[in-house]
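Trainee: Submitted below is the structure of interest, expressed as structure tokens.
There are 2 protein chains.
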Amino acid sequence: MKKHIYIYSPSGAVRDKAAFKRGIQRLQAQGHEVEVDEAALASQQRFAGDDATRLAAIHRAADSGADVALISRGGYGLTRLLPDIRYKKISKAIHKGLQFVGMSDFTAFQTAVLAKTGAITWAGPALGEGFGMEGTPDEIMEACFDDMLCGQGEGTGWRQLRQSSSEDTKAIAGNSDPIRDSDSFFIKDAVLWGGNLTVLTALLGTPYFPDIKGGILFLEDVAEHPYRIERMLTQLLYAGVLKRQKAIVLGQFTDFKLTPHDRGFKLATVVQWLRQRIATPVLTNLPYGHVQTKVLLPVGAKTDLSVDSRDALLVWGHL
Amino acid sequence: MKKHIYIYSPSGAVRDKAAFKRGIQRLQAQGHEVEVDEAALASQQRFAGDDATRLAAIHRAADSGADVALISRGGYGLTRLLPDIRYKKISKAIHKGLQFVGMSDFTAFQTAVLAKTGAITWAGPALGEGFGMEGTPDEIMEACFDDMLCGQGEGTGWRQLRQSSSEDTKAIAGNSDPIRDSDSFFIKDAVLWGGNLTVLTALLGTPYFPDIKGGILFLEDVAEHPYRIERMLTQLLYAGVLKRQKAIVLGQFTDFKLTPHDRGFKLATVVQWLRQRIATPVLTNLPYGHVQTKVLLPVGAKTDLSVDSRDALLVWGHL
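Line by line, the protein sequences are chains A and B.
To convert a position in the first sequence, counted from 1, into the numbering used here, add 331.
To convert a position in the second sequence, counted from 1, into the numbering used here, add 331.
Here you go:
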């Protein structure tokens, strides 16, 4: 199905122009009409143009009449723009059918749009890293993207990690770890929200952080040491955000380096620690994050979650 | 003047035992009675003992009857303990004359104590990095520590950085930069608070973040890229914290690495960006942070600030 895809750069400057081109060519080869924003390759310091340039690009994307507005890449830059984004314009464009897709730094935009308007955006690939990679783009990501385009991506299922070993359990102050493998439950009509843990947490306490009660919060991150992941989760915990959710769904946390000082402290330690502190179920291994194989997720959509032991299924139905 | 100094470990495990010993010997050589907490050298994963051990160590420090409770080192670990700290006990000990001294991860404790009790703690050295370093400990740090011990450290003066170059100014979207070098002003009786930017910001939105209006907020950080420093400052900005202060005082931000992708984006860019967004004065170069030459600062104390062009002076009088 031919779609009109608008490429723009709200965050970091595009440095890998080959990936940018490959991404465009691949989308074109799939029959799509690809429109590239006039400032998509702008560069000012580390940003894709100065603040006014990137802000205008976002608003051009909203006005483009395209089916999809896809970011060229993440990086850093959206947080700066949040007070000046015209949220009503964004919301109107979304209700007319525009699907905003992106991740990482884009979480700032998605979270703010949700807080300000409740409109749905998609957590998914960026052009460069998603479609522009050397070799073949990931099949699952592409299939999920196509499903979104056709309105057929109505959910996603995955298998959680096994519980961490008893050795880890002992290591945490002797607290007992409930056997969550056997947990089965069903959650209905919960708002799915989340994205990059660092970017999301950096909005806590600001007008761009939505007050979601009874939601399903999904989180991923890249190049953050587990102790930093724990500190951010602790902030969300102490702020009461986690306990207000019906489920916390952890995606992929990648590219960090443990050190000799850690002596066994690792990501599983953090998950276990968190589970001891809240009754809200904490799921693992959602195929989403800074990895090739990732699903697309509708941020702000009402979603059902079924969990049967390690198997989990998110269903949002027809959007 | 001989003082009783209690050494304990609320955060990371002490790995550099030589520095630990040297620090104790130096304090003893200055005539002080040094008491070492029973768990000061405990180690569990990356922590100085499990959560219960570190929590008990904090409470033993409060009960020690010492003049000063000095952390062995920073690291990570206090954030986890905040809900279980007995704040009344801490506050009572402080009012009886105990001076809690520390920095970095210790900012979590200091900020929470301020939020929960209003009691004053000292931002200053840790044992290992401060007194235990190879060679001679920094003279200014030692003099400030002695002044605190004797109740004679009644203020600190320093010289701010020159304004960044006009080149930087142009780089920021053409906005004009007010000539702050010539600014002179005086602020009276403002609560001094702050510490490590990352640790402080990680408490925003939680019950451990104090609601200080008309204060003087000082900040430092280590190994955080300027774009991350900006993102944290932005969070404090959007949350309304910065504009509620009478001054923001930036200390030393050290040990980060710029990359080719930054193309001129640097710490000065962040300072300039911030100054364009708030009317609150933003001062620079406070001699405090992850550096040897650092002053001691009373977190929670009423403080006067005089600024005359680049010269700044904080005065808290007799505490």
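Built from N, CA and C at the ideal position, the CB exists for glycine as well.
Values in this document were obtained by computation on a predicted structure and should not be read as measured data.
Look at the Cβ atom of R606 (chain B), then the Cβ atom of T410 (chain A), and state whether they are nearer than 8 Å.
Mentor: Reading the second sequence from its first residue, position 275 is the one you call residue 606 (chain B). Reading the first sequence from its first residue, position 79 is the one you call residue 410 (chain A). Their beta carbons are not under 8 Å apart, which means R606 (chain B) does not touch T410 (chain A) by this criterion.
Trainee: Would a check of beta-carbon distances place Q566 (chain A) closer than 8 Å to chain B?
Mentor: Residue mapping note: residue 566 (chain A) aligns to position 235 of the first sequence, counting from 1. For Q566 (chain A), the answer is yes, since a Cβ of chain B falls inside 8 Å of its Cβ.
Trainee: Which residues does DSSP pair with Y337 (chain B) in a beta bridge?
Mentor: As a position in the second sequence, residue 337 (chain B) is number 6, starting the count at 1. DSSP output for Y337 (chain B) lists B:E366, B:A400 as bridge partner(s).
Trainee: Using a Cβ cut-off of 8 Å, which residues of the segment 600-633 of chain B contact any Cβ in chain A, in chain order?
Mentor: T600, W604
Trainee: Is there a Cβ from chain A that is less than 8 Å from the Cβ of P538 (chain B)?
Mentor: As a first step, residue 538 (chain B) must be located in the second sequence, where it is residue number 207. Cβ-Cβ to chain A under 8 Å: yes for P538 (chain B).
Trainee: Measuring CB atoms only, is the segment 582-600 of chain B touching the segment 562-574 of chain B, in the sense that at least three cross pairs come out at less than 8 Å?
Mentor: no
Trainee: Scan the segment 395-420 of chain B for residues whose Cβ lies nearer than 9 Å to a Cβ of chain A and list them as they occur along the chain.
Mentor: So the close ones are G406, Y407, G408, T410, R411, L413, P414.
Trainee: Return helix, strand or coil for G611 (chain A), following the three-state DSSP convention.
Mentor: One-based indexing of the first sequence puts residue 611 (chain A) at position 280. Looking at the sequence shown, residue 611 (chain A) is not Gly but Thr. Of the three classes helix, strand and coil, the one that applies to T611 (chain A) here is coil, per DSSP.
Trainee: Under a three-way DSSP split, which group does W524 (chain B) fall into?
Mentor: If you number the second sequence from 1, residue 524 (chain B) lands on position 193. It is a strand residue.
Trainee: Using a Cβ-Cβ cut-off of 7 Å (strictly less than) and excluding sequence neighbours within five positions of M332 (chain A), which residues of its own chain qualify?
Mentor: As a working note, residue 332 (chain A) is residue 1 in the first sequence. Non-local C-beta neighbours of M332 (chain A) in its own chain, meaning closer than 7 Å and more than five positions away in sequence, comprise L480, C481, ordered along the chain.
Trainee: For the alpha helix (DSSP H) containing F476 (chain B), name the first residue and the last one.
Mentor: On the second sequence, residue 476 (chain B) is found 145 positions in, with the first residue counted as 1. Counting along the chain, the alpha helix (DSSP H) containing F476 (chain B) begins and ends at 470-481.
Trainee: Could you check whether the Cβ of H592 (chain B) sits closer than 8 Å to any Cβ belonging to chain A?
Mentor: Stepping through the second sequence from its first residue, residue 592 (chain B) is reached at position 261. So yes, H592 (chain B) belongs to the interface.
Trainee: Against chain B, with Cβ distances strictly below 8 Å, would L528 (chain A) count as a contact?
Mentor: Position 197 of the first sequence, counted from the first residue, corresponds to residue 528 (chain A). L528 (chain A) does not count as touching chain B.
Trainee: Which residue's Cα is closest to the Cα of K519 (chain A): A:D586, A:V553, A:P468, A:K577?
Mentor: Stepping through the first sequence from its first residue, residue 519 (chain A) is reached at position 188. Each of A:D586, A:V553, A:P468, A:K577 was checked against the Cα of K519 (chain A), and the nearest Cα belongs to A:K577.
Trainee: Using only alpha-carbon positions, find the residue among A:L548, A:G545, A:K588 that is nearest to A554 (chain A).
Mentor: The sequence position of residue 554 (chain A) within the first sequence is 223, counting from 1. Answer by Cα proximity: A:K588.
Trainee: For R559 (chain B), tell me which candidate among B:A533, B:E364, B:H621, B:G545 has the shortest Cα-Cα distance.
Mentor: Position 228 of the second sequence, counting from 1, holds the residue named residue 559 (chain B). Considering only alpha carbons, the answer is B:A533.
Trainee: Distance, Cα to Cα, I402 (chain A) vs F584 (chain B)?
Mentor: Taking the first residue of the first sequence as position 1, residue 402 (chain A) is located at position 71. Taking the first residue of the second sequence as position 1, residue 584 (chain B) is located at position 253. About 32 Å.
Trainee: At what residues does the beta strand (DSSP E) containing I355 (chain A) begin and finish?
Mentor: The count along the first sequence starts at 1 and reaches residue 355 (chain A) at position 24. Element bounds for I355 (chain A): not the beta strand (DSSP E) but the alpha helix (DSSP H), 348-360.
Trainee: Show which residues of chain A have a CB atom less than 7 Å away from the CB atom of L535 (chain B).
Mentor: Mapped onto the second sequence, residue 535 (chain B) falls at position 204. Under the 7 Å cutoff, chain A gives L535, G536.
Trainee: At which residues does the beta strand (DSSP E) containing I547 (chain B) begin and terminate?
Mentor: Along the second sequence, read from residue 1 onward, the residue named residue 547 (chain B) stands at position 216. Start and end: 547-553.
Trainee: Run down chain A in chain order and give the residues with a C-beta less than 8 Å from the C-beta of Q441 (chain B).
Mentor: Indexing the second sequence from 1 puts residue 441 (chain B) at position 110. The contacting residues do not exist; Q441 (chain B) stays about 16 Å from chain A at best.
Trainee: If L429 (chain B) and A393 (chain B) are in contact, beta carbons under 8 Å, what's the gap, nearest whole angstrom?
Mentor: Mapped onto the second sequence, residue 429 (chain B) falls at position 98. Mapped onto the second sequence, residue 393 (chain B) falls at position 62. The Cβ separation is near 7 Å, so the contact holds.
Trainee: Helix, strand or coil: which one does DSSP assign to S422 (chain A)?
Mentor: The sequence position of residue 422 (chain A) within the first sequence is 91, counting from 1. DSSP places S422 (chain A) in helix when its eight states are reduced to three.
Trainee: So, are the CB atoms of G526 (chain A) and Q441 (chain A) less than 8 Å apart?
Mentor: Mapped onto the first sequence, residue 526 (chain A) falls at position 195. Mapped onto the first sequence, residue 441 (chain A) falls at position 110. Cβ distance < 8 Å, so G526 (chain A) and Q441 (chain A) count as in contact.
Trainee: Output, in sequence order along the chain, the residues in the segment 373-398 of chain A whose CB is closer than 8 Å to any CB in chain B.
Mentor: S374, Q375, Q376, R377, F378, D381, D382, A383
Trainee: Comparing the C-beta of R575 (chain B) with each C-beta of chain A, is any distance below 8 Å?
Mentor: In the second sequence, counting from the first residue as 1, residue 575 (chain B) sits at position 244. No - not a single Cβ of chain A is within 8 Å of the one on R575 (chain B).
Trainee: Where does the unbroken alpha helix (DSSP H) through P538 (chain B) begin, and where does it stop?
Mentor: Within the second sequence, the letter at position 207 stands for residue 538 (chain B). Per DSSP, P538 (chain B) is not a residue of any alpha helix (DSSP H), being assigned neither H nor E.
Trainee: On the three-pair Cβ rule with 8 Å, is the segment 339-347 of chain B touching the segment 380-393 of chain B?
Mentor: By the C-beta criterion, the segment 339-347 of chain B is judged to be in contact with the segment 380-393 of chain B, since at least 3 inter-stretch pairs fall below 8 Å.
Trainee: Excluding the 5 residues flanking T611 (chain B) on each side, which residues of the same chain have their C-beta closer than 8 Å to its C-beta?
Mentor: On the second sequence, position 280 is the one that residue 611 (chain B) refers to. Excluding residues within five positions, the ones whose Cβ falls inside 8 Å are L573, K574, Q576, K577, A578, I579.
Trainee: Along the chain, where does the alpha helix (DSSP H) that runs through T565 (chain B) open and close?
Mentor: The residue labelled residue 565 (chain B) in the question sits at position 234 within the second sequence. It spans 557-569 - the alpha helix (DSSP H) in which T565 (chain B) sits, taken as one unbroken run.
Trainee: Any idea which residues DSSP pairs Q375 (chain A) with across the strands?
Mentor: Sequence index remark: in the first sequence, residue 375 (chain A) carries index 44 (1-based). Beta-bridge pairing links Q375 (chain A) to A:F378.
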